[in-house]
Each structure stands twice: as C-alpha cells, then as structure tokens.
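**Student:**
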Amino acid sequence: MQIATWNVNSVRTRLEHVVNWLQSHPAVDVLCLQETKVVDADFPHQPFTDLGWHTYIYGQKSYNGVAIVSRQPMSDIKMGFAAILDDVGDLDEQKRVIAAIANDIRIVNLYVPNGSAVGSDKYEYKLRWLDALRQYLQALLANDPRPTLICGDFNVALEDIDIHDASDRANQVMATDAEREALQSVLHLGFKDVFRKFTAEAGHYSWWDYRGGSFQRNRGWRIDYHFVTENLYERAIACEIDVEPRRLTQPSDHTPVIVEF
DNA sequence: ATGGCTTCAGAATGAAGA
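Under the numbering used here, the residue at position 239 of the first sequence is numbered 232, and the numbers go up by one with no gaps.
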C-alpha cells in the first residue's frame, strides 16, 4: 500500500498536476492534499470521480483546506479537532484536519499553521494548535489503537539537517526550539519519522521557496512528513520524496512524499 | 532590502504563505 502527501497550494490551480500525478503513479492508493483553498461547494470532485477515485474534503474560502483522494472508498471520515475533542475553541475555524481509515490504517491528514513570524500572534496560534493536535491524537489512539499514520505539511523542520541553512534558526519560523518541542510532544505519543528509516543524510527537502531560485539551488526545507506508529514503522518498505512535480511549470512550492507498506 | 514569488479575493499602500 502506498500513501502520499502533497501540499498543492490551491487544488484548482494545480488540478492538472494532481490528476496527472495520480494517473502516472498507479501504485499510490491514497493521496492527502493540503492548502486546497476552496470551499466544499466548489471543490473539483469530478476530475477525480470520473476516474473512479473517491474524494473526502474539509475546506474553506481562500486559505487552508485539506482533502483525501483514495482509489478505494474510505471509512470513518472525521473532520476537524471537534470530531474527537470536546472544547476546541477557535482551532477548527481554519480547516486543517481530516482523518479516515483505509486498509485498517487510520490516516490523519494535517496542515499545521505556518506561524508567520517568531513571536507573532500566528506563531502563538501555531503552538496552541500543535498542543491541541497532541490532545486529539492522544484521545484518538486511546479510543482506537489501530495502526495510525499522520501526514501532511507540518511547517516544522525537525532537525538542522532538514534545512538547507539552519544558521539563523532561532529567528526563523518552522525552525525554532519551541516549534520543534511542540511537534516532538506530538511524536512522543508513539510516532516515528518514517523517512528517516531509509535516509539518514542531509539535503532532502519537500518545500522550496518560490523566490530567489531556491529550487534550482536546492535551498529547501523538509517540512512534509509521514509519522507512523511503531507497527507501521516496522511494516514500511520505502519512503521517498518525489521532486519531479516541483520542476513543472507553475508548480506548487511543495512536492509529494510517498510511503509504502 | 521588514525584500525576493504565488495564490486568492476583489479593486489595496492587500493578506498570507513559509
């Protein structure tokens, strides 16, 4: 089984890229999308359903939004933190969480807030959101201990080797100790970075800034992940970043990451 | 260089992304 994650930076703008990619990667069973940037009523279901695929969406106007495209029907679709947590305050106003089950694997598709700038209101929101994610996953695993995968755009580089240049990381959003600690608190529930089962060295990235020729110079960040419970970690046989879509004209600034079990 | 691109929304001296 293959599961992929891809922040497409607008599913409507990237529709042709996404459909072509799925058609050229027939072994991918489930594709988790982030930053769909479209209200549910306007989501372009038809290009997917015409090819026999199933779509599960949780979107909003202009910003954020997550979706899952699956070759087979999925079950137990859960939108937002409120599907699990009682009091989520303002944390579901931005649509960033959708979960479902395929092949007895719980797949949680996430778009973690960016945080804007260290110390800003959005940065504080990001840290608060990650704490809610920890509570959400703790409750989810307690209610249902099946194999679980969380994937998506985490907007945090876990280690210095996940950044092309970490020298100023204390001042850089996605790289600060507080963000790493908040994400590690999530992972301490029992999740492991499956990419690192197969690849130890630096220089592998999933996002490159549109500006300054960052992709051509490979000045990237690895911020898109598959984190899996121990049973899935043992079952994983590959985890790869597919840089090819980043070479296309009018690309997303992120590229897909695929895990295979 | 509070920058450099790109998206959406809607008409901005914009907001947000990362």
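Note that beta-carbon positions come from the ideal geometry of N, C-alpha and C, so glycine has one too. Quick caveat: nothing in here was measured; it's all calculated off a predicted structure.
Following the continuous alpha helix (DSSP H) through Arg99, name the residue where it begins and the one where it ends.
**Tutor:** Here residue 99 is taken as the residue at index 106 of the first sequence, counted from 1. No alpha helix (DSSP H) contains Arg99, which is instead part of the beta strand (DSSP E) from Ile98 to Tyr104.
**Student:** Can you tell me the Cα-Cα spacing of Asn0 and Gln131, whole angstroms?
**Tutor:** For this step, residue 0 is matched to residue 7 along the first sequence. For this step, residue 131 is matched to residue 138 along the first sequence. Taking the straight line from one Cα to the other gives about 25 Å.
**Student:** Should Arg5 go down as buried or exposed, given a rule of 16 or more other Cβ atoms within 10 Å for buried?
**Tutor:** The sequence position of residue 5 within the first sequence is 12, counting from 1. With fewer than 16 other Cβ atoms within 10 Å, it is exposed.
**Student:** Which term fits Tyr203, buried or exposed, when burial requires 16 or more other beta carbons within 10 angstroms of its beta carbon?
**Tutor:** Here residue 203 refers to the residue found at position 210 when the first sequence is read from its first residue. The residue is exposed, with fewer than 16 neighbouring Cβ atoms inside 10 Å.
**Student:** Return helix, strand or coil for Asp124, following the three-state DSSP convention.
**Tutor:** For the purposes of this step, residue 124 is identified with residue 131 of the first sequence, where counting begins at 1. DSSP places Asp124 in helix when its eight states are reduced to three.
**Student:** Determine the direct distance from the alpha carbon of Phe254 to that of Ala125, and round the result to whole angstroms.
**Tutor:** Mapped onto the first sequence, residue 125 falls at position 132. Mapped onto the first sequence, residue 254 falls at position 261. The straight-line gap from Cα to Cα measures roughly 28 Å.
**Student:** If we ignore side chains and look at the alpha-carbon of each, how far apart do Gln39 and Arg239 end up?
**Tutor:** Numbered from 1 along the first sequence, position 46 holds the residue referred to as residue 39. Numbered from 1 along the first sequence, position 246 holds the residue referred to as residue 239. Using only the alpha carbons, I get a separation of about 25 Å.
**Student:** Which full runs of the alpha helix (DSSP H) of 4+ residues lie inside the stretch -4 to 70, going along the chain?
**Tutor:** The qualifying runs are 8 to 17 and 39 to 42.
**Student:** Check the C-beta distance from Asn148 over to Val111 and give it rounded, since I have them as a contact under 8 Å.
**Tutor:** Here residue 148 corresponds to residue number 155 of the first sequence, with the count starting at 1. Here residue 111 corresponds to residue number 118 of the first sequence, with the count starting at 1. Not a contact, Cβ separation roughly 13 Å.
**Student:** Ile154 by DSSP, collapsed to three states: which one?
**Tutor:** Counting from one through the first sequence, the residue named residue 154 turns up at place 161. Three-state result, Ile154: helix.
**Student:** Taking the alpha-carbon of Val236 as reference, which of Lys30, Glu223, Arg215 and Glu227 has the nearest alpha-carbon?
**Tutor:** Within the first sequence, the letter at position 243 stands for residue 236. Out of Lys30, Glu223, Arg215 and Glu227, Arg215 has the C-alpha closest to the C-alpha of Val236.
**Student:** Let me confirm a value: Pro106 is counted as buried when at least 16 other C-beta atoms fall within 10 Å, else exposed. Which label applies?
**Tutor:** Position 113 of the first sequence holds residue 106. It is buried - the Cβ of Pro106 has at least 16 other Cβ atoms within 10 Å.
**Student:** Answer with buried or exposed for Ser245, where buried requires no fewer than 16 other C-beta atoms within 10 angstroms of its C-beta.
**Tutor:** Against the first sequence, residue 245 aligns to sequence position 252. By the neighbour-count rule (16 or more Cβ atoms within 10 Å), Ser245 is buried.
**Student:** Answer yes if the stretch 16 to 29 comes into contact with the stretch 153 to 167, meaning at least three C-beta pairs across the two stretches below 8 Å, and no otherwise.
**Tutor:** Judged by Cβ distances under 8 Å, the stretch 153 to 167 makes no contact with the stretch 16 to 29, as fewer than three pairs qualify.
**Student:** Do Val23 and Ile100 have their CB atoms nearer than 9 Å?
**Tutor:** Working through the first sequence from its first residue, we reach residue 23 at position 30. Working through the first sequence from its first residue, we reach residue 100 at position 107. In contact: Val23 and Ile100 (Cβ atoms closer than 9 Å).
**Student:** Just the Cα atoms here: how many angstroms apart are Val187 and Cys232?
**Tutor:** Here residue 187 is taken as the residue at index 194 of the first sequence, counted from 1. Here residue 232 is taken as the residue at index 239 of the first sequence, counted from 1. Roughly 7 Å separates the two Cα atoms.
**Student:** Indicate whether Val21 and Arg64 have their beta-carbon atoms separated by less than 9 Å.
**Tutor:** Locating residue 21 in the first sequence gives position 28, where the first residue counts as 1. Locating residue 64 in the first sequence gives position 71, where the first residue counts as 1. Yes, Cβ-Cβ distance for Val21 and Arg64 is below 9 Å.
**Student:** Would you tell me roughly how many angstroms separate the C-alpha atoms of Ala150 and Asn211, rounded to the nearest one?
**Tutor:** Working through the first sequence from its first residue, we reach residue 150 at position 157. Working through the first sequence from its first residue, we reach residue 211 at position 218. When rounded, the distance between both Cα atoms is 16 Å.
**Student:** Report the CB separation of Glu133 from Ile77 in whole angstroms; it is logged as a contact under 8 Å.
**Tutor:** Looking up residue 133 in the first sequence gives position 140. Looking up residue 77 in the first sequence gives position 84. It should be pointed out that residue 133 corresponds to Leu in this sequence rather than to Glu. Contact holds; Cβ gap of about 6 Å.
**Student:** For the candidate residues Arg89, His197 and Pro138, whose alpha-carbon lies nearest to that of His157?
**Tutor:** Here residue 157 corresponds to residue number 164 of the first sequence, with the count starting at 1. Selected option, being the one with the closest Cα: His197.
**Student:** Identify every residue that forms a DSSP beta bridge with Ile91.
**Tutor:** Walking along the first sequence from the start, residue 91 turns up at place 98. Per DSSP, Met72 and Asn102.
**Student:** Buried or exposed: Glu86, going by 16 or more other Cβ atoms within 10 Å of its Cβ?
**Tutor:** On the first sequence, residue 86 is found 93 positions in, with the first residue counted as 1. It counts as exposed.
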